[in-house]
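Chains as they are written, first to last, in our numbering: chain P, 135 to 339; chain A, 2 to 158.
Glycine included, C-beta positions come from ideal geometry on N, C-alpha and C.
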Amino acid sequence: MSLEKQWQHINEQEDEDLSALMNNPQLKKLTSHQPLQKIKNNLLINMAWGIGIAVCYVLILFFFPYWQVRLCIGIVLLFTLWAISTAYTQYKSIQPTVSSQNSLLAEMKRHHASMIIWMKTQERVALFIYPFSTAGGFMLGGAIGSGRSVDYFMSKPVVQIALVISIAILVPLAYWFAKWLFNKSFGKHLKTLGENIQELSSDEV
Amino acid sequence: MSERDFLAAVKNNQGIIYKLVGLYAADTEEKKDLYQEVLLQAWKSWPSFRGDAKFSTWLYRICLNTILTQQRKQKKINYQERLDDISPTIESTAILKEDSLRLQQAIRRLAETDRAIISSHLDGYNNGEIAEMMGIGLNHVAVKLHRIKQQITTILK
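So, in structure tokens, the structure goes:
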């Protein structure tokens with residue numbers, strides 16, 4: 135029997151698991167689990183948090199009259215605003231609906247590229263924001279905890295060394311955490327997508 | 002076209018979804034998830050359907066593009082139990098069903114993109130149409146199909 139005939143026979147068979155769904159489809163109740171949709175939802179949450187955090191930074195700028203803290207928080211605020219605007223641009227550019235116009239290869243490449251861009255942004259945010267927020271938080275916490283001014287608190291060499299060590303430990307940690315989180319969520323999927331893209335693109339004759 | 006018309010059109014072509022989802026889902030739960038995702042993506046893309054292609058071809062593309070960009074379970078597909086379910090009441094039907102299942106299982110053992118190529122070939126799409134669907138060259142399709150058929154023959158032996 136030909137392969138085509140065997141294959142056509144599958145068409146004639148009912149799938150019990152899926153027939154029940156087909157007989158009662160509720161399109162309005164369906165939610166997408168596409169990775170790009172998840173990323174889009176994530177970006178929305180990031181923006182909401184970013185705005186909340188930016189408001190807190192503005193409050194700190196107003197209520198804590200230490201220039202060192204203000205400088206660090208001011209820089210973090212700028213990076214936070216940059217992160218929010220980047221998230222917004224990405225949010226607008228990500229098209230989670232699968233295209234029927236694109237070929238399979240083009241569609242897989244589009245998904246792969248969008249995910250990589252998102253990952254890189256997360257890593258960049260970790261690299262640029264955390265050094266300043268660590269420094270700001272360290273000085274602010276130290277000043278409040280010791281009940282002295284930041285100038286006084288930071289004048290001790292041991293505190294300066296502690297600040298450098300904190301940054302040296304926390305920044306790579308935050309960077310690797312962002313990377314780990316992404317790999318945990320989408321690593322395997324990204325790898326499969328990459329392999330499939332490679333599989334289709336390779337051996338071009 | 003209304004939601005009802007859309008669902009009627011999908012129902013007439015549901016075999017496409019059943020077959021393709023069946024080639025990639027690791028278990029029943031994932032099969033249902035993939036099916037619902039395909040249905041949702043087709044519904045969302047529905048406004049872009051211009052009618053210059055057949056509905057079945059349009060749905061085929063949506064199906065493949067959705068399944069292969071969806072986050073799926075990494076575990077191996079366990080299909081052995083399905084073969085045991087075959088009832089040999091009517092022998093010829095049982096043989097045909099068994100052959101079909103064997104073919105489906107053989108295809109499942111191929112690389113993911115190869116499954117997409119061979120299923121569209123077996124569904125009657127010519128090399129040009131497959132090349133367009135996959136986004137690769139015509140010669141590449143021919144070479145791949147040749148290799149895939151060899152692989153299937155080896156698996157089925």
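Closer than 7 Å at the beta carbon, the chain A residues around residue i
i                : result
Ser166 (chain P) : Glu38 and Leu41
Ile144 (chain P) : Lys20, Ser101 and Gln105
Asn330 (chain P) : Leu69, Glu113 and Thr114
For residue i, the three-state DSSP class (helix, strand or coil)
i                : result
Pro199 (chain P) : coil
Tyr222 (chain P) : helix
Ala112 (chain A) : coil
Asp149 (chain P) : coil
Asp34 (chain A)  : helix
Asp53 (chain A)  : coil
Ser283 (chain P) : coil
Pro230 (chain P) : coil
Ala132 (chain A) : helix
Gly270 (chain P) : helix
Asp100 (chain A) : helix
Asp28 (chain A)  : coil
Leu239 (chain P) : helix
Per-residue burial, residue i [other beta carbons within 10 Å of its own, 16 or more giving buried]
i                : result
Asn180 (chain P) : buried
Gly129 (chain A) : exposed
Ala308 (chain P) : buried
Thr220 (chain P) : buried
Phe213 (chain P) : buried
Cys64 (chain A)  : buried
Ala296 (chain P) : exposed
Trp310 (chain P) : exposed
Ser46 (chain A)  : buried
Ser136 (chain P) : exposed
Gln332 (chain P) : exposed
Ala302 (chain P) : exposed
Thr396 (chain P) : Any question about residue 396 (chain P) goes unanswered here, given that chain P covers just 135 to 339.
6 Å Cβ shell around residue i - same chain, five flanking residues per side excluded
i                : result
Ile209 (chain P) : Phe266
Ser335 (chain P) : none
Amino acids of chain A, ordered along the chain, whose beta-carbon sits closer than 8 Å to that of residue i
i                : result
Ala240 (chain P) : Gly136
Trp314 (chain P) : Result: empty, since nearest Cβ-Cβ is about 18 Å, beyond 8 Å.
Asp151 (chain P) : Thr29, Lys32 and Lys33
Within chain A, the residues that residue i reaches when beta carbons sit closer than 9 Å
i                : result
Asn176 (chain P) : What Asn176 (chain P) touches in chain A: nothing, since even the nearest Cβ is about 14 Å away.
Ser237 (chain P) : Arg62, Asn66, Ala132, Glu133, Met134, Met135, Gly136 and Ile137
Contacts that residue i makes with chain P (C-beta to C-beta distance below 8 Å)
i               : result
Ser46 (chain A) : Thr231, Val232, Ser233 and Ser234
Asp34 (chain A) : His167
Neighbourhood of residue i by C-beta, 8 Å cutoff - its chain only, sequence neighbours within 5 removed
i                : result
Ile251 (chain P) : Gln224
7 Å CB neighbourhood of residue i in its chain, flanking five on each side removed
i                : result
Val284 (chain P) : Tyr200, Gln202, Val203, Met273 and Ala277
Ala10 (chain A)  : Phe56
Specify whether the region 20–27 of chain A and the region 64–75 of chain A touch according to this definition: at least 3 beta carbon pairs, one from each stretch, less than 8 Å apart.
yes
With a cut-off of 8 Å, do at least 3 Cβ pairs link the region 48–68 of chain A to the region 96–108 of chain A?
no
Could you say if the region 317–333 of chain P and the region 221–228 of chain P meet the contact criterion of at least three C-beta pairs nearer than 8 Å?
no
Please identify, using Cβ separations under 8 Å, the residues of the region 244–272 of chain P that lie next to chain C, in order along the chain.
Considering every chain present, this structure includes no chain C. Its protein chains are P and A.
Using 8 Å as the threshold, is the region 196–207 of chain P in touch with the region 258–274 of chain P, meaning 3 or more CB pairs across them?
yes
Below 8 Å, how does it come out for the region 256–264 of chain P and the region 188–198 of chain P: are there three or more Cβ pairs, yes or no?
no
With three or more beta-carbon pairs closer than 8 Å as the criterion, would you say the region 239–249 of chain P touches the region 323–332 of chain P?
yes
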